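Numbering (the UniProt record's numbering), first residue to last: 1 to 200. Glycine included, each C-beta is placed from N, C-alpha and C at the ideal position. Predicted model only: the values in this text are computed from it and were never measured. This report refers to the structure that appears directly beneath it.
Structure, rendered in structure tokens:
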């Protein structure tokens, strides 16, 4: 490969990444209107949660492709936050979602210069059965495929007051561990592409 073609390759990568940052920021601004409409009862619960989760999944996928690990981790946390949202949304959800918007805006606005988030300050995921449980500042990451087993283990951990995060992909988990620095990691998964190597 010539020096000129190599330079062109990096130029194309930078151009595509810049387009992603511009598009992501536009989507984030649009989400602020969704949040305002939701807080004033102008859209349904499903529309609110669907809009935020779609953005979270979009950002997580794109950020992983561009090596934006902090942005990917924050987007994963936002998706987790809403995954088990109760039918009746608690009053704190509006401030919580604003916190996530602010953090995502900070990451996207850096345009590749990642700012290490304080994950302990991001709101704990919503749930309908933990109103009377005191949430500790202890983060537990469960690396396991989605299913009944991981759901049961996570529920028990949350009943004990731990902040939990479930990561079904072991490759993603390696990046998430570096970013979020959990206090405890529970692993029950197989590394893809590495037959016979079992982490448990």
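### Message
Considering only their Cβ atoms, is the gap separating residue 52 from residue 122 smaller than 8 Å?
### Response
Contact flag unset, no.
### Query
How should residue 207 be labelled, buried or exposed, when 16 other C-beta atoms within 10 angstroms of its C-beta is the threshold for buried?
No answer is possible for residue 207: the residues shown for the chain start at 1 and end at 200.
### Message
Taking the alpha carbon of residue 124 as the reference point, which residue from 83, 88, 169 and 61 has its own alpha carbon closest?
### Response
In this structure, 83 is the residue among 83, 88, 169 and 61 with its C-alpha nearest to the C-alpha of residue 124.
### Message
Given this structure, state the Cα-to-Cα distance separating residue 177 from residue 11, to the nearest angstrom.
### Response
Their backbone Cα atoms lie some 31 Å apart in a straight line.
#### Entry: Per-residue burial, residue 88 [other beta carbons within 10 Å of its own, 16 or more giving buried]
Exposed, by the Cβ-count rule.
### Separation of residue 187 from residue 164, as counted between CA atoms
Residue 164 and residue 187: Cα-Cα distance of roughly 13 Å.
### Message
Cutting at 8 Å between CB atoms, please list the residues of its own chain near residue 70, excluding the five before and the five after it.
### Response
Cβ neighbours of residue 70 beyond the five flanking positions: 107, 114, 115, 116, 117 and 179.
### Query
In three-state DSSP terms, what is residue 139?
It is a strand residue.
### Message
Taking a contact to mean a Cβ-Cβ separation below 8 Å, would you say residue 143 touches residue 170 in this structure?
### Response
At a Cβ-Cβ threshold of 8 Å, residue 143 and residue 170 count as neighbours.
### residue 140 versus residue 74 - alpha carbon distance
Spanning the two alpha carbons is a distance of roughly 16 Å.
### Task
Check the C-beta distance from residue 126 over to residue 162 and give it rounded, since I have them as a contact under 8 Å.
Rounded, the Cβ-Cβ distance is 16 Å, inconsistent with contact.
### Message
I need the boundaries of the alpha helix (DSSP H) containing residue 170, first residue and last residue.
### Response
Element bounds for residue 170: 170-180.
#### Entry: Alpha-carbon to alpha-carbon, residue 166 and residue 173
CA-to-CA, the gap between residue 173 and residue 166 works out to about 9 Å.
### Query
Quick check: the segment 53-63 against the segment 19-27, are there 3 or more CB pairs under 8 Å?
Touching, yes, given that three or more Cβ pairs across the two stretches are closer than 8 Å.
### Message
Using CA atoms only, rank isn't needed, just tell me which of 119, 136, 182 and 185 is closest to residue 77.
### Response
The residue from 119, 136, 182 and 185 with its alpha-carbon nearest to that of residue 77 is 119.
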